[in-house]
Amino acid sequence: MEASADPADDVLLKRPWLSVNISSCQLLSKTWFGETSYRVLLTDMHCVWEERMDAASIHSRAQELNPRLRASVGAFFSHLCEVAEPCLSGRAGAAGCEVQVFLNRKDDENIHVKLKSELAGLPFHWEFICSPAPVALVCVQLVRPLLVMSRLLQQQVEQLGGLLARKDAEIQDYRENGATLSRERLQTDVFESQTYRESFMSQTLPLLWSERSDALGFDSDLQQLYATVVAHRSSRKRKLSSETCAVEDRPAAEKPAETSSAAAAAS
Numbered sequence: 001m002e003a004s005a006d007p008a009d010d011v012l013l014k015r016p017w018l019s020v021n022i023s024s025c026q027l028l029s030k031t032w033f034g035e036t037s038y039r040v041l042l043t044d045m046h047c048v049w050e051e052r053m054d055a056a057s058i059h060s061r062a063q064e065l066n067p068r069l070r071a072s073v074g075a076f077f078s079h080l081c082e083v084a085e086p087c088l089s090g091r092a093g094a095a096g097c098e099v100q101v102f103l104n105r106k107d108d109e110n111i112h113v114k115l116k117s118e119l120a121g122l123p124f125h126w127e128f129i130c131s132p133a134p135v136a137l138v139c140v141q142l143v144r145p146l147l148v149m150s151r152l153l154q155q156q157v158e159q160l161g162g163l164l165a166r167k168d169a170e171i172q173d174y175r176e177n178g179a180t181l182s183r184e185r186l187q188t189d190v191f192e193s194q195t196y197r198e199s200f201m202s203q204t205l206p207l208l209w210s211e212r213s214d215a216l217g218f219d220s221d222l223q224q225l226y227a228t229v230v231a232h233r234s235s236r237k238r239k240l241s242s243e244t245c246a247v248e249d250r251p252a253a254e255k256p257a258e259t260s261s262a263a264a265a266a267s
């Protein structure tokens, strides 16, 4: 089952996980800002938090945090997008004005991300109040795509191993027919899959665990792979949905005919 029937879920799914640093806390962030609503996901790889806000909730919080400001929800939201989106996507310097960002962890397991900037010459405050996300949402937005990515990369490694084995056989055939290398430095050992895997794990895994948490984020290649995986999922989901609708839209007259045929066959 999906985490939610909210149409914004599919839009959010296609957004990348971006590395951000707030108050010396390294996080992965995924955000979606609509016309007058938003969704925010944050994770430190120990927990995933989310907040979703609609126009009424945004206007209420804006008035509560900024009693001196009088503006429409559209004006509040436009300024919020201008200052918040860069901060939550690792581009704090791209905000249209000076922004201060703070992160506080609360005893109730929530995290609060506070922004301070200026709107119309007056201080503008905003607070993202993110609570632990439901397990179903975490699976849809993070776990399931990562599992598919892992499987894809595993199959890629297996295919590359097979290709190397064929290349070794090709090189051996050349040697048996008298071919020699013109440059000795190009000489390579026969590829042994198990030996390579054990060596790679023993050398690389300790380095990964010793790196800072920000090194565990998505680089550009992984971002592209993530985008490809979720795009394929969305395409498959749309195809299944259209096939279901086609079955449901079949003329009612066809169904009695099918029933009559089945009854005739049974007799």
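Counting from 1, position 189 in the sequence shown corresponds to residue 189 in UniProt numbering; the numbering is continuous, with no gaps.
For each residue, glycine too, the CB sits at the ideal point set by N, CA and C.
As the structure is a prediction and not an experimental result, all values here were calculated from the model.
Using DSSP with H/G/I as helix, E/B as strand and the rest coil, what is C47? In the structure shown, C47 sits in coil (DSSP, three-state: anything other than H, G, I, E or B).
Return helix, strand or coil for E127, following the three-state DSSP convention. DSSP places E127 in strand when its eight states are reduced to three.
Quick one: does T228 have its CB under 7 Å from some CB of chain D? No chain D appears in the structure shown, which is made up of a single protein chain.
Which same chain residues, not among the five before or five after V48, have their C-beta less than 6 Å away from its C-beta? When the five nearest sequence neighbours on each side are left out, the beta carbons in the same chain lying within less than 6 Å of the beta carbon of V48 are those of A133 and V138, in order along the chain.
Whole angstroms is fine: what's the gap from T228's alpha carbon to L42's? C-alpha separation (whole angstroms): 21 Å.
So, C81 versus F124, is the Cβ gap smaller than 7 Å? With a cutoff of 7 Å on beta-carbon distance, C81 and F124 are scored as not near each other.
Are the beta-carbon atoms belonging to V157 and S117 less than 7 Å from one another? No. Outside cutoff.
Quick one: give me the first and last residue of the alpha helix (DSSP H) that V135 is part of. From DSSP, the alpha helix (DSSP H) with V135 extends over V135 to V138.
How many Å lie between V190 and F200 at the Cα? A straight line joining the alpha-carbon of V190 with that of F200 spans about 16 Å.
Can you check whether the CB of K14 is closer than 7 Å to the CB of V230? Cβ distance < 7 Å, so V230 and K14 count as in contact.
Sequence-distant residues of the same chain with beta carbon closer than 6 Å to G121, five excluded per side: If we look at G121 and ignore the five residues flanking it on each side, it has no Cβ neighbours.
Beta-bridge pairing of R39 - partner residues as DSSP gives them: Residue pairing from DSSP places R39 in a beta bridge opposite W32 and R52.
Should R70 be labelled buried (16 or more other beta-carbon atoms within 10 Å of its own) or exposed? Under this definition R70 is an exposed residue.
Buried or exposed: which applies to S29, given that a residue is buried once 16 or more other Cβ atoms fall within 10 Å of its Cβ? A residue is called buried when at least 16 other Cβ atoms come within 10 angstroms of its Cβ; S29 meets this threshold and is buried.
Under the three-state reduction of DSSP, which class applies to K106: helix, strand or coil? Look at K106 here: in three-state DSSP terms it is coil, with no helix or strand label.
Collapsed DSSP secondary structure at S117 in the structure displayed: Three-state result, S117: strand.
Determine whether the beta carbon atoms of V73 and I58 lie at a separation below 7 Å. Yes, the Cβ-Cβ distance between V73 and I58 is below 7 Å.
Run through DSSP, which three-state label would Q224 get? Of the three classes helix, strand and coil, the one that applies to Q224 here is helix, per DSSP.
Exposed unless 16 or more other CB atoms sit within 10 angstroms - verdict on Q141: By the 10 Å Cβ count, Q141 comes out buried.
Could you give the DSSP three-state label for A262: helix, strand or coil? Note on A262: pLDDT 46, under 50, position unreliable in the model; the coordinate value appears next. Here DSSP, grouped into helix, strand and coil, assigns A262 to helix.
For my contact list, L115 and C87 are in at a C-beta cut-off of 8 Å; report their separation, rounded to the angstrom. The pair is a contact, with the Cβ atoms about 7 Å apart (cut-off 8 Å).
In the structure shown, what three-state DSSP assignment does S72 receive? Of the three classes helix, strand and coil, the one that applies to S72 here is coil, per DSSP.
Alpha carbon to alpha carbon, how far is G161 from E192? Between the C-alpha atoms of G161 and E192 there is a straight-line separation of about 9 Å.
Drop a sphere of 10 angstroms on the beta-carbon of residue 305, count the other beta-carbons inside from all chains shown, and report buried for 16 or more, exposed for fewer. Outside the displayed span of the chain (1 to 267) sits residue 305, for which this structure offers no information.
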